[in-house]
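Undergrad: What follows is a structure written as structure tokens; I'll ask about it next.
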Amino acid sequence: MTNAIEVRDVTKNYDLFKLDGVTFDVPSGYIMGFIGPNGAGKTTTIKAMLSVIKADSGSISVLGQPASEAANQRIGVVMDAPLYVEDWTLADVQTAISPFYKQWDKQKYAELLTRFGLDTRKKVKELSRGMKVKLQIAVALSHNADLLILDEPTSGLDPAARDEICDILREFVTDESKTVLFSTHITSDLEKTADFITFIMNGRIVFTGTKDEMLEKYARVSGGVGDLDADRRKYVIGYREHGAGFEGLIETVNVGQIPKDVLAEPASLEEIIIFVNREEKADA
Numbered sequence: 314m315t316n317a318i319e320v321r322d323v324t325k326n327y328d329l330f331k332l333d334g335v336t337f338d339v340p341s342g343y344i345m346g347f348i349g350p351n352g353a354g355k356t357t358t359i360k361a362m363l364s365v366i367k368a369d370s371g372s373i374s375v376l377g378q379p380a381s382e383a384a385n386q387r388i389g390v391v392m393d394a395p396l397y398v399e400d401w402t403l404a405d406v407q408t409a410i411s412p413f414y415k416q417w418d419k420q421k422y423a424e425l426l427t428r429f430g431l432d433t434r435k436k437v438k439e440l441s442r443g444m445k446v447k448l449q450i451a452v453a454l455s456h457n458a459d460l461l462i463l464d465e466p467t468s469g470l471d472p473a474a475r476d477e478i479c480d481i482l483r484e485f486v487t488d489e490s491k492t493v494l495f496s497t498h499i500t501s502d503l504e505k506t507a508d509f510i511t512f513i514m515n516g517r518i519v520f521t522g523t524k525d526e527m528l529e530k531y532a533r534v535s536g537g538v539g540d541l542d543a544d545r546r547k548y549v550i551g552y553r554e555h556g557a558g559f560e561g562l563i564e565t566v567n568v569g570q571i572p573k574d575v576l577a578e579p580a581s582l583e584e585i586i587i588f589v590n591r592e593e594k595a596d597a
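Adding 313 to a residue's 1-based position in the sequence shown gives its number in the working numbering.
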């Protein structure tokens, strides 16, 4: 399996935050979900991939070459909001952006705007949030990008709009030479679309692998307050009492360590983030 992105032991120091030896791969031809709470390091890692910032140490390879502005020619970037002038029309967007890409395809841009129901005469400021995301995707796909990097693009969109964006991403990777890195807080989108998950917390990678492996690694547990003694409670991640009961997360390999009357059931990606984050804060 080839990799579209290879991140190796990347460190970046700030006054109040540190990327700490971040290492993971994004396999070519798949959608990788990039998850973690606010401030975990997702956007900092993406900026390093795009050479917006320079890591203090480590290396990043993108599409077979070191991360650089030249490598960005083959990357389409979709952010939570477009960095276009609000008074530009969609025709102006093409005029301004196309000179930066050697493989810009005017016909492709026109076809995508038509497909997404976007009028070239519309101004950026007249577009809804969902339409702005589609505009960024249209730009990203009009210069023959082999890699899409998305940083929280579906935040604030209604379920129908998010589902449409997810369909576009799934269609994109039907060409096995195309790859998506999808950073989002909306884990339900990743449960529908992602093949792989990388989970970052406090600047460190907690997990990277297939989505199924991550979901199979943990189980959600719940029961009565008196169901666990101190020795068994140590197996529960993010333990929280509420009323007469408790809830938390447990690694599936440890399920046999808890009483049979404690309920263990599949955990969602969102629950995994919540409980692991709670554990990290408790240990801090």
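For glycine and all other residues, C-beta sits at the position ideal for the given N, C-alpha and C.
Using a Cβ cut-off of 7 Å (strictly closer), state whether T487 contacts chain B.
TA: Any reference to chain B falls outside this structure, which holds one protein chain only.
Undergrad: Compute the Euclidean distance between the alpha carbons of D322 and V375, then round it to the nearest angstrom.
TA: To locate residue 322, count along the sequence shown from 1; it is residue 9. To locate residue 375, count along the sequence shown from 1; it is residue 62. Cα to Cα, D322 sits roughly 15 Å from V375.
Undergrad: I'd like the ranges of any beta strand (DSSP E) spanning at least 3 consecutive residues and lying wholly in the stretch 330-354.
TA: Runs found: 331-340, 344-348.
Undergrad: Looking at C-alpha atoms only, which residue of V538, L541, G469, I481 is the closest neighbour of A394?
TA: Stepping through the sequence shown from its first residue, residue 394 is reached at position 81. Closest by alpha carbon: G469.
Undergrad: Within the chosen definition, does the stretch 471-481 reach the stretch 367-381 through at least 3 CB pairs nearer than 8 Å?
TA: With the cut-off at 8 Å, the stretch 471-481 and the stretch 367-381 do not touch.
Undergrad: Which value, in whole angstroms, describes the spacing of the CA atoms of D432 and A458?
TA: Locating residue 432 in the sequence shown gives position 119, counting from the first residue. Locating residue 458 in the sequence shown gives position 145, counting from the first residue. Rounded to the nearest angstrom, the two C-alpha atoms are 23 Å apart.
Undergrad: What are the boundary residues of the alpha helix (DSSP H) that includes A474?
TA: Locating residue 474 in the sequence shown gives position 161, counting from the first residue. Counting along the chain, the alpha helix (DSSP H) containing A474 begins and ends at 472-485.
Undergrad: Can you tell me the Cα-Cα spacing of E598 and L363, whole angstroms?
TA: One cannot answer for residue 598 here, as it falls past the ends of the chain, which runs 314 to 597.
Undergrad: By alpha-carbon positions, which one of S381, E489, H555, K505 ends up nearest to T315?
TA: Here residue 315 refers to the residue found at position 2 of the sequence shown. Checking every option, the nearest Cα to that of T315 belongs to E489.
Undergrad: Is G539 helix, strand or coil by DSSP?
TA: Walking along the sequence shown from the start, residue 539 turns up at place 226. In the structure shown, G539 sits in a helix (DSSP, three-state: H, G or I).
Undergrad: Spell out a yes or no on whether the stretch 491-503 and the stretch 325-334 are touching, meaning 3 or more CB-CB pairs, one atom from each, closer than 8 Å.
TA: Verdict: no, contact absent.
Undergrad: For I587, tell me which candidate among E424, E560, R517 has the shortest Cα-Cα distance.
TA: The residue given as residue 587 occupies position 274 in the sequence shown. Of the candidates E424, E560, R517, the one whose C-alpha sits nearest the C-alpha of I587 is E560.
Undergrad: Can you say whether D502 is buried or exposed, counting buried as having 16 or more other CB atoms within 10 angstroms of its CB?
TA: Reading the sequence shown from its first residue, position 189 is the one you call residue 502. So D502 counts as buried.
Undergrad: What are the start and end residues of each continuous alpha helix (DSSP H) run of 4 or more residues lying completely inside the stretch 401-482, in chain order?
TA: With a minimum length of 4 residues, the continuous alpha helix (DSSP H) runs that stay inside the stretch 401-482 are 403-410, 419-428, 442-454.
Undergrad: What is the C-beta distance between V339 and A317, in whole angstroms, given that I count them as a contact (C-beta under 8 Å)?
TA: The residue given as residue 339 occupies position 26 in the sequence shown. The residue given as residue 317 occupies position 4 in the sequence shown. Indeed they touch by this definition, with Cβ atoms about 5 Å apart.
Undergrad: Roughly how far, in whole angstroms, is the beta-carbon of Q386 from the beta-carbon of K415, given that I think they are within contact range, below 8 Å?
TA: For the purposes of this step, residue 386 is taken as the residue at position 73 of the sequence shown. For the purposes of this step, residue 415 is taken as the residue at position 102 of the sequence shown. Q386 to K415, Cβ: 6 Å. Contact.
Undergrad: Measure the beta-carbon distance from A507 to P579 and round it to whole angstroms, keeping in mind my assumption that it falls under 8 Å.
TA: Within the sequence shown, residue 507 is the residue found at index 194, counting from 1. Within the sequence shown, residue 579 is the residue found at index 266, counting from 1. Incorrect: roughly 16 Å between the Cβ atoms, too far for contact.
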